[in-house]
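In my numbering, the protein residues as written are 81 to 309.
Data block below; observations after.
Shown next, in the form of structure tokens:
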């Protein structure tokens, strides 16, 4: 994943988005640069002073403190009600079985077989997630899917049973086990994974529940009596 997709907001000043390419990124607001180091380490280049070494985990925690994915928030009428609003261009696909992964003739795993349906806009608004096709074939990193059609998608947050990131795309599983995949053209898949998880936390908090797991499936538990929703 490109570093500016993982760090979609500047962990130092909160500017959104963070621009970059592949293993480098730079904030256009505070001037801090970020470069992929060894392993999970990231080299942080402040506008002044020596280069710092930071773990990806610590920078993601700083990103969350600076606002995380919660851009475009709108307050609802209730004191605890909050809706999240964002849209992005994606290639949309559905899972249709599995491909076997082999190494030297031995089965080492499985991967979902994705049938790409086309490009369009994914939109999160309030308690709903929708995809509206624009009639174009899905242009993906590995080429154009000429068989793509114009299939749409719509669900409520309460219908989502799993959210996870996979190879730069976000996978959403619904109640009956159907898996949908969204590959982002001009936005961060990490941002959208965080955004959907935040939306689900808000949704279940209104129902008095807390989300303790998102993948491979959403797991919730009752909030303690008297806790602040």
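Don't be surprised by glycine CBs; every beta carbon is placed ideally from N, CA and C.
Setting aside the 5 residues that flank it on each side, residue 303 is surrounded in the same chain by 285, 288, 289, 290 and 309, each with a C-beta closer than 8 angstroms to its C-beta; the list follows chain order.
Out of 173, 172, 190 and 185, the CA that lies nearest to the CA of residue 179 is found in 190.
According to the DSSP secondary-structure assignment, residue 233 is paired through a beta bridge with 211. For residue 239 and residue 258, the gap between their C-alpha atoms comes out near 11 angstroms.
Partner residues in the beta bridge of residue 125, as assigned by DSSP, are 113. Between the segment 105-113 and the segment 82-92 there are three or more inter-stretch CB-CB distances shorter than 8 angstroms, so the stretches are counted as touching. The Cβ-Cβ distance between residue 122 and residue 141 does not fall below 7 angstroms. Between residue 241 and residue 298, the CB-CB gap stays under 7 angstroms. Residue range 136-145 is occupied by the alpha helix (DSSP H) that includes residue 138, with no beta strand (DSSP E) assigned at that position. Taking C-beta atoms as the reference points, residue 245 and residue 279 fail to come closer than 7 angstroms. 7 angstroms or more divides the Cβ of residue 177 from the Cβ of residue 197.
One Cα belongs to residue 172, the other to residue 282, and the distance between them is close to 25 angstroms. Just measuring C-alpha positions, the residue of 117, 265, 236 and 101 sitting nearest residue 249 is 265. For the pair residue 204 and residue 143, the CB atoms are not nearer than the 7 angstroms cut-off. Sequence-distant partners of residue 95 (beyond 5 residues in either direction) whose C-beta falls short of 8 angstroms from its own C-beta, in its chain, are 89, 107, 108, 109 and 110. Going by beta carbons, residue 174 and residue 195 fall inside the 7 angstroms limit.
Comparing alpha-carbon positions, the option among 253, 261 and 206 lying closest to residue 231 turns out to be 261. Between the alpha carbons of residue 102 and residue 113 lies a distance of about 13 angstroms.
For the segment 279-306, the full-length beta strand (DSSP E) segments reaching 3 residues or more read 289-293 and 299-302 along the chain. Under the three-state reduction of DSSP output, residue 106 falls in the strand class.
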